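Enquirer:
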Amino acid sequence: MSVFIFATLQCKPESTAAVCAAMRDMQQASRQEAGCVQYQILQQADQPHVLHVFEAYQDMAAVEAHRAAAHYLAYRACVADKLAAPVEVKLLQPLG
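This note's numbering puts the first residue of the sequence shown at 692, with every later residue one more than the last.
See the structure below:
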């Protein structure tokens with residue numbers, strides 16, 4: 692069953708550019724993963740320090756592989772001190 696993730700990152704305003712750069716790298720690498728169907732980063736128009744990530748994977752195994760990937764771990768380490776709040780992650784599945 693397909694798995695979807697919607698995540699929200701609130702950057703420290705002075706760290707927004709650095710987080711955006713890390714997220715662009717993350718997006719490029721994630722899109723190459725075998726089980727990744729979609730990976731899109733969106734910047735909130737009225738609050739540019741807020742980023743939203745929409746991800747779609749073939750199944751939960753693909754999500755677990757993503758979370759174990761070197762580029763994911765590197766991204767987490769890179770942004771750890773650049774966020775104003777913990778990342779809000781919602782794991783979603785199709786309704787029907």
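All C-beta atoms in this analysis are idealised placements derived from N, C-alpha and C, irrespective of residue type, glycine included. No experiment lies behind these values; they were computed from the predicted model shown.
What does a CB cutoff of less than 6 angstroms around Glu779 pick up in its chain, not counting 5 residues either side in sequence?
Expert: Answer for Glu779: Thr699, listed in chain order.
Enquirer: Tell me whether Ala775 counts as near the ligand HEM, meaning its Cβ is closer than 7 angstroms to at least one heavy atom of that ligand.
Expert: The ligand content of the structure shown is nil, which means the ligand HEM is not present either.
Enquirer: Under 8 angstroms: do the region 726-736 and the region 766-782 share three or more Cβ pairs, one atom per stretch?
Expert: Result no; under three Cβ-Cβ pairs closer than 8 angstroms.
Enquirer: Look at the alpha carbon of Met717 and the alpha carbon of Arg767, and state the distance between them as a whole number of angstroms.
Expert: Each residue's alpha carbon lies about 10 angstroms from the other.
Enquirer: Assuming Ala747 contacts Phe695 under a Cβ cut-off of 8 angstroms, what Cβ separation, rounded to an integer in Å, is found between them?
Expert: With 8 angstroms as the limit, Ala747 and Phe695 qualify as a contact, their Cβ atoms being about 5 angstroms apart.
Enquirer: Using the Cα positions of Cys702 and Ala713, report the straight-line distance between them to the nearest angstrom.
Expert: Rounded to whole angstroms, Cys702 to Ala713 spans 12 angstroms at the Cα level.
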